[in-house]
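J.: Handing you this structure, nothing more for now.
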Amino acid sequence: YDLGGKSICTSDVTDNVRLIEGYEDEIRSLPMIGPVYSVDMESIIGHEPDLIISQVGTQSTQASKLRDMGYNVIQTHIRGFSDVLDTYRAFGKILGQSELAEKRIAELEQGKKEITDKLPDDDISVVILYVTSKSLAVKLDNSIAGDIAKILELENIASDLPPDTIGSETTPLDIEYIASKDPDYVLVPTMISSNEEARRTVEEQFASNPAWQSVNAITEGRVIYLPQEYYLYNAGPYYVDAIKYMAQSIYPEIYGEVEELK
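Going by the numbering used here, the sequence shown opens with residue 6, and the numbers climb by one from there.
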């Protein structure tokens, strides 16, 4: 949409997705084809799309089946700032809007530079605690939160740990390891129904398991909840806003207080 494209249907749009400004109503009025992790194949086929855009991982199986059926399918894989830029270039070529894509890329790069130019020469460490309704894990550098932490020159204490599986962006939770590394901040991206429910779930976890009391950042209140709009669903054209959110959370004296999403 940011490059002038249009869609004939979409996976379910939740309240925690930040849509392109000016197109919110249009996008929300599109026919819904099911949750992003379980789209309705028959519904997709029924719309007779010329091009299908899917996500690597979450929709890889469906994408493969649709290709086998003769549909044109491209898969996006956005876990970092460079992925956003690459995606802009790809869609710029597809839509015949390469010039506009390069303009958007330049704006994103400038926005990022304006933030990183102000970074202090501090050694700040973080652990990125990923919470779902069923489990807790730790995010690695190849996640959105990990990428932004690296952009802000924050040390992710899990950087050198092995992933759950090849290509995974998480590693198993080890509270003793976290306590031994004594991170300055605990960053919490979540995959729960809402930001509010996520915070409530995490606070219950901290309160119910005494082991968490050995993590100073938790007992001293240095826990930062990262909004799903930026850190679960990739921020796309608003990636700089995601960087700014974390920067404000860590360094409010430099970047100002956190600007909460409306």
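We put the CB at the ideal spot given by N, CA and C, even for glycine.
Owing to the predicted nature of the structure, the values given are computational and were not obtained by experimental measurement.
1. If you count every other CB in all the chains shown that lies within 10 Å of the CB of E29, and 16 or more means buried, which is it?
2. In the structure shown, what three-state DSSP assignment does L134 receive?
3. At what residue ranges does the stretch 45–117 contain a whole run of the alpha helix (DSSP H), taking only runs of 4 or more?
4. Work out the CA separation of Q67 and D73 for me, nearest whole Å.
5. If you draw a straight line from the C-alpha of I149 to the C-alpha of G51, how long is it?
6. Assign G85 to buried or exposed, taking buried as 16 or more other Cβ atoms, counted over all protein chains shown, within 10 Å of its Cβ.
7. Going by other Cβ atoms of all chains shown within 10 Å of its Cβ, with 16 needed for buried, is A111 buried or exposed?
8. So T224 is in the alpha helix (DSSP H); what residue range does that whole segment cover?
9. Just to confirm before moving on: does the CB-CB distance between L145 and T195 stay below 8 Å?
10. Does DSSP classify K11 as helix, strand or coil?
11. Under the three-state reduction of DSSP, which class applies to A142: helix, strand or coil?
12. So the candidates are V18, I229, L24 and K118; which of them puts its Cα closest to the Cα of V245?
13. By how many angstroms is the C-alpha of D45 removed from the C-alpha of S16?
14. To which residues of the same chain is E2 closer than 6 Å at the C-beta, ignoring the five residues directly before and after it?
15. Assign Q233 to one of two classes, buried (16 or more other C-beta atoms within 10 Å of its C-beta) or exposed (fewer than that).
16. Could you check what DSSP says for I229 in three-state terms: helix, strand or coil?
17. On the three-state DSSP scale, how would you describe T170?
18. Output yes if chain C places a C-beta closer than 8 Å to the C-beta of N77; else output no.
19. Quick one: Cα of P167 to Cα of Y6, how far?
20. Give the DSSP-derived three-state secondary structure of V41 in the structure shown.
21. Just tell me which of D169, W217, P36 and L8 has its CA closest to the CA of A142.
22. Which class does Y28 belong to by DSSP, given the choice of helix, strand or coil?
23. Within the continuous beta strand (DSSP E) that includes T176, where are the two ends?
24. In the DSSP assignment, find the alpha helix (DSSP H) that holds Y260 and state where it starts and stops.
T.: In brief:
1. Exposed, by the Cβ-count rule.
2. DSSP, reduced to helix, strand and coil, places L134 within a strand of the structure shown.
3. If we require 4 residues or more, the alpha helix (DSSP H) runs fully inside the stretch 45–117 come out as 46–51, 65–73 and 86–100.
4. Computed Cα separation, rounded: 10 Å.
5. If you draw a straight line from the Cα of I149 to the Cα of G51, it comes to about 34 Å.
6. The residue is buried, with at least 16 neighbouring Cβ atoms inside 10 Å.
7. So A111 counts as exposed.
8. It spans N221 to T224 - the alpha helix (DSSP H) in which T224 sits, taken as one unbroken run.
9. Not a contact, by the Cβ cut-off of 8 Å.
10. DSSP places K11 in coil when its eight states are reduced to three.
11. For A142, the three-state secondary structure derived from DSSP is strand.
12. Cα-wise, what sits closest to V245 is K118.
13. In a straight line, the C-alpha of S16 is about 9 Å away from that of D45.
14. Coverage of the chain is limited to positions 6 through 267, which leaves residue 2 absent and any answer about it impossible.
15. Counting other Cβ atoms within 10 Å of its Cβ, Q233 reaches 16 or more and is therefore classed as buried.
16. DSSP places I229 within a strand segment (E or B) once states are collapsed to three.
17. The three-state secondary structure of T170, taken from DSSP, is coil.
18. Among the chains in the structure shown there is no chain C, since it carries only a single protein chain.
19. Whole-angstrom Cα-Cα distance: 37 Å.
20. Coil, per DSSP.
21. Measuring from the Cα of A142, the nearest candidate turns out to be D169.
22. Coil.
23. Bounds of the beta strand (DSSP E) holding T176 are T175 to P177.
24. Note, Y260: alpha helix (DSSP H), P257 to Y260.
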